[in-house]
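Trainee:
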Amino acid sequence: MTTETPKVDPTAAPAEAPKRNWLGPTISVAALLAIAVFFAVNTRKGPGSPRIANPDVEGTPRPVEVLFGWSTSTWVVILETFTVITMAVIVTLWVVHWRRNPHNPTLLMALVTSLIVWQDPIMNWSPFAVYNPELAHLPEDWPLVSLSPTVEPFVVLGYVMFYLGPYFPAIWILRKLQARRPVDSFVWRHPLISLAAIIFPIGVVVDAALEITLVRTGMYIYSQVPPWASVFTGDTYQFPLIWEVVAVTFVMIPAGVLLYRDDTGKSVAEKLAQRARIFASRPRLGTFIVMFVIINIAYFCYGGLFAIVKATKISTSVACPWPYPEVKVYDPQGFYEANGQPGPYSVGIMSTWMSGQPDGRPQVQLGEKSDRCAPENANG
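When we follow the UniProt record's numbering, the leftmost residue of the sequence shown carries the number 1, and every step to the right adds one.
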């Protein structure tokens, strides 16, 4: 046995450190900058299209008091500032974690739940979600964007926090339950059902708290809701409680279930991609495609439920008084006019057979049902 220290040849070339591939980060940064420039160039404030603008009103009068008695302009600044800051933090964390572990499926799901915002105009159209035109938004007459009853705001870019957020406390709770239960218990034998069952109540509470608060700040309203299973019906701040909080879990639950990892360390989405042989040589891309397709279908189901509700015309309760006088009253089915709300009116896009009325907006008489929405009865 020898204790001599091996001699190092001073002439030997040191081992080269592996070179870092900066192509991916460079492309990512360039894409983010391009998106930022795109939004900056196309940002609009207020109604800029005659399709929705009320020519009889100047400025932004507000007939309804919002949360804490603050102005809607103040709430717009707060919400948009919060969105910008949180999205900057999320993007930074995403890039850092991607560099550390690009195989983490949670990062792919974060991207997918951000990209589904392309459907948001449809999801505003189907449940009568009317946004405050003071919010920074895309041009109102762009294809797809024009489906929104008023405007399509940029704040929806924060959807990743909303749709993916419930997964994190839910998976923590599930792991705690599994640690305390034998392997033949329900949470071990049916982990996906268990995870879905935990996400559901978390999603319901999160959505109800968030949306009711945002509606109270005047950021948007549900202009028409079904009288049954809704709260504050008839008020400007009415909310389709049961309908909405159940429907949003159509996206939250699959987003979480697809991320569940079994004892092999692979997520459900990864295993589905392997079974379907989608881009077998590029598993991350295959996993992304599986997630993207399933989550988009789930989001369509959300919109489909409200499209059925819209077509059947059971959303008869209108939000009075109309809170955004600078834009035309969104009244594709005539319920506002029938309840005494004077025009001008906007029917929006897809207001014929897609809304269950092949002949378009029905002819109604002002106040033929009630004068609840008449200006003299406004109580904002």
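In this text, a Cβ means the ideal position worked out from N, Cα and C, and glycines have one as well. All values reported here derive from a predicted model rather than from experimental measurement.
1. Closer than 6 Å by C-beta to W125: which residues in its own chain qualify, once you throw out the five before and the five after it? Chain order, please.
2. DSSP state of V117, grouped into three classes?
3. Please report how far the alpha carbon of A196 lies from the alpha carbon of K45, in whole angstroms.
4. Report the three-state DSSP secondary structure of D207 (helix, strand or coil).
5. Taking the C-alpha atoms as reference points, what is the distance between V245 and S351?
6. Rounded to whole angstroms, what is the Cα-Cα separation between W243 and A229?
7. Taking 8 Å as the cut-off, decide whether the C-beta atoms of T86 and Y159 are in contact.
8. Return helix, strand or coil for Q333, following the three-state DSSP convention.
9. With DSSP as the reference, label P105 as helix, strand or coil.
10. Just to confirm before moving on: does the CB-CB distance between Y222 and A319 stay below 8 Å?
11. What is the residue span of the beta strand (DSSP E) that V347 lies within?
12. Inspect the CB distances between the region 167-175 and the region 123-137 and report whether three or more fall short of 8 Å.
13. I need the straight-line Cα distance from G380 to P321, nearest angstrom please.
14. For the beta strand (DSSP E) holding I221, just list the boundary residues, first then last.
15. Which of helix, strand or coil does DSSP assign to F128?
16. Would you mind reading off the limits of the alpha helix (DSSP H) that contains E244?
17. What is the rounded straight-line gap between the Cα of F288 and the Cα of L108?
18. In whole angstroms, give me the CA-to-CA distance for G234 and Y131.
19. Span of the alpha helix (DSSP H) holding residue 397?
Mentor: So, from the data block:
1. Excluding five sequence positions before and after W125, the CB atoms of its chain that fall closer than 6 Å to its own CB belong to L147, given in chain order.
2. Helix at V117.
3. 40 Å
4. D207 falls in the helix class under three-state DSSP.
5. 25 Å
6. Distance between the alpha carbons of W243 and A229: 7 Å.
7. no
8. Residue state for Q333 is assigned as coil, using DSSP reduced to three classes.
9. It is helical.
10. yes
11. Unbroken run through V347: none, as it is neither H nor E.
12. Judged by Cβ distances under 8 Å, the region 167-175 makes no contact with the region 123-137, as fewer than three pairs qualify.
13. For G380, the predicted model reports a pLDDT of 44, less than 50, meaning its position is unreliable; a value from the coordinates is still stated below. In a straight line, the C-alpha of G380 is about 7 Å away from that of P321.
14. Taken as a continuous stretch (DSSP letters only), the beta strand (DSSP E) holding I221 covers Y220 to Y222.
15. coil
16. L241 to A247
17. In this model, F288 and L108 are separated by some 6 Å (Cα to Cα).
18. 18 Å
19. A question about residue 397 goes unanswered here, because the residues of the chain that appear run from 1 up to 380.
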